[in-house]
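Numbering (the working numbering) for the sequence shown: -2 to 569. Glycine included, each C-beta is placed from N, C-alpha and C at the ideal position. Read the structure below first, then the notes.
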Amino acid sequence: MFARPPHWALLATCLAVPAFATANGSIAPANPYLAQSYNNQTHWNDGASDSTDIAVARGSYKITPDAYRVLPNESGSLVQYTDKVGDTDLYWFWAGFSLRKVKIEDDFTFTEVARVDLPVKLPNFQPVTPEQRLQQAAQTRKFLEAGDEKGLLDYMTAQPNRMLTGTTDQVLGGAIYSLLTRDDAFIGASARRVFRIDQNDHKNPASGMRLTREVQLPDELFDNDKTKRGLNIPLDATFGIGMTLNGYLVVNTMGGAIATLDRTTLKLVDSYRVQGADELFLNSFATGPEVEGGAVYVASNQNMYRFVVDKQGKIHADDASGAWKAPYERGERFTSIKIADGTGSTPTLMGYGPDEDKLVVFTDGAKKMNLVAMWRDGIPAGWKQKPGTQSPRVADQRQVDMGPSIPTVQSEQSVAVYDGHAFVVNNIPAVDKPVLNKSGYYVTMLNGMTRPAPSGVAMFKWDNARDQWSTLWTRSDVGSISIVPMISGGSRMALINGFYAGRLGEGFHIGMDLDTGKTVLEIATGSDPVFNGMYAPIKVDRRGRLMYGMAFGMVLMDTSRMEKVGQVAKAE
């Protein structure tokens, strides 16, 4: 189950007492154009660290009815953002086709402060009530507990809110990637549009909201032929969105284009298309403070790029401007889970301090993926390309080997980083059992419930003195469903939403110690699909309570209200 380096015993002894309250990892510097909070975009911050200093409770718990609250969504919903307005902590939740502004009351209830509904233009879509949405969850649970995959498929297909296509509908008409601006405006992108929802009064926590801009991007930005050849998707669309530290909104498209927009008017400023005939962008990107705040780090299925956005919003790809391009191992195309070859991870920035290496980190496309770190700024003087790498820009790469029981290791999630640690998950099942339908919403319901989920997680640590990765630990006994994991630096743990191997039908949220890999948090959620994270990034509120957009809505979980139980990991 655990695989540890030979020095594990010494390491565990030295790190037996974690520094909970004083943990202070290397988090991305604040972006002056975004909400001044720990969580203002899909992957938390500009560096896409998927981590926070906020502590999350340790211990072993079982969920109880009074220990969680659900704000039902309309369809697939991924993101939740945070800001403090006056003395009030507020949370913005994208609920599928609406934006909700929410407050958590002292009595552990949600208050919906404001809401904006966007018109749904998808064919045959009919909205459901919150009560009907929770009923869909209850019916889904019955099918899962009965092991009835065909019955579940028929049920989802028949639902009026296009339940079967709930995740892909976000690409077509929702918002997979989005952000929260300095004045708490929500900006999202889907299909070929970008939209902005503003506060009526951004200084008033009780303010209403309104849709102020919705812009259709020009057809010239998209390449339908390329996405059809490479993805069997007939229409190219936007994918990621972010904000440079010099104030320009950036979007990328699946077909390999990147564009800058005015952050207020959403007017197109400039665009650039990568040159590869089969080169695609299938992840979002990170932005950094380098080159006067104009650095944008984006990976295609073949190359890692740093583009430079200048003070006028123009995009530069030439060396003289500080931009660069570096190839990596793109690997093979898989038959399931991943939709193309190359990396499945949004680039993550690591290292901001004066004594830290400045890196951009991602996983490549090899069958057993490598954790790759590239120099994101200047390559050190005298640096020589390492054997086995495809570019001198690669600072180091390390194969993610989780043992012989996991022959293929590939991830669709960004690397979670904190204080030099880098956490990765495997998303490929050891046995690729055929499914009745390849809908992501459907398959993610099945994994771990009616069929074994992908298993395997691993933790690495960067050595700034030796410029290399070391493997701290791997675990093959746990598996993460298709969620983006997080690291709580305050509690020194990496968290996943998933399963233990051999315990079909029993869902958990699992926290593992950064340095030893031991289970230090365990929340048993049983077979209830309400707790299925469904592609979302795990996040927390300001008090460290787990709260993020799961399969049927935003769920808030409070361990202080849960039943304390014996730990499953220890029992096994």
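Taking a 10 Å sphere around the C-beta of E102, we find fewer than 16 other C-beta atoms and assign the residue as exposed. In summary, L356 is buried, with 16 or more beta-carbon neighbours lying within 10 Å of its beta-carbon over all protein chains present.
At a Cβ-Cβ threshold of 8 Å, G227 and D275 count as neighbours. In this structure, the straight-line span from the alpha carbon of R138 to that of M442 is close to 9 Å. Going by DSSP, D151 is part of the alpha helix (DSSP H) stretching over E146 to A155.
In the structure shown, the three-state DSSP call for N121 is coil. For E142, there is no enclosing beta strand (DSSP E); the residue is part of the alpha helix (DSSP H) that begins and ends at P127 to A143. Counting C-beta pairs closer than 8 Å gives fewer than three between the stretch 302 to 317 and the stretch 191 to 207, which falls short of the contact rule. Counting along the chain, the unbroken alpha helix (DSSP H) around T165 starts and ends at T165 to G170. Under the DSSP assignment, R226 falls in the alpha helix (DSSP H) whose first and last residues are N221 to L228. S411 is bridged by DSSP to nothing; it lacks a bridge partner. Just measuring C-alpha positions, the residue of T556, G417, V99 and L265 sitting nearest D63 is T556. Rounded to whole angstroms, the separation of the alpha carbons of A533 and D181 is 21 Å. Judged by DSSP secondary structure, V293 falls within the beta strand (DSSP E) whose first and last residues are A292 to A296.
Residue state for E287 is assigned as helix, using DSSP reduced to three classes. The continuous beta strand (DSSP E) containing T522 extends over residues T516 to G523.
Spatial neighbours of S402 in its own chain (CB-CB distance under 7 Å, excluding positions within 5 residues in sequence) are listed in chain order as A427 and S473. Under DSSP, L246 forms a beta bridge with M240 and L258.
Between V475 and S411, the gap from beta carbon to beta carbon reaches 8 Å or more. Around the beta carbon of T106, fewer than 16 other beta carbons lie within 10 angstroms, which makes this residue exposed. Rounded to the nearest whole angstrom, the CA to CA distance from R463 to M301 is 23 Å.
At a Cβ-Cβ threshold of 8 Å, G550 and L68 count as neighbours.
Excluding its 5 nearest sequence neighbours in each direction, V271 has C-beta neighbours in its own chain below 7 Å: G253 and S297, listed in chain order. Counting other Cβ atoms within 10 Å of its Cβ, R489 reaches 16 or more and is therefore classed as buried. Pairing T108 with W89, the inter-Cα distance amounts to about 12 Å. The bridge partners DSSP lists for L176 are Q38 and I184. For the options M554, L553, R542 and S524, the alpha carbon positioned closest to that of E142 is the one of S524. Spatial neighbours of V288 in its own chain (CB-CB distance under 7 Å, excluding positions within 5 residues in sequence) are listed in chain order as V305 and G319.
The Cβ atoms of S467 and N423 lie no closer than 8 Å to each other.
Assignment of beta-bridge partners to R193 by DSSP yields I184 and R210.
In the three-state reduction of the DSSP assignment, V397 falls in the coil class.
In this structure, Q394 is the residue among G93, Q394 and D80 with its C-alpha nearest to the C-alpha of V358. By a beta-carbon distance limit of 8 Å, W91 contacts S74. Their separation comes to about 6 Å.
Here the stretch 147 to 162 does not lie against the stretch 212 to 224, with fewer than 3 beta-carbon pairs under 8 Å apart.
Rounded to whole angstroms, the Cβ separation of F94 and G171 is 6 Å, and the two are in contact under 8 Å. The DSSP-derived three-state label of M442 is helix.
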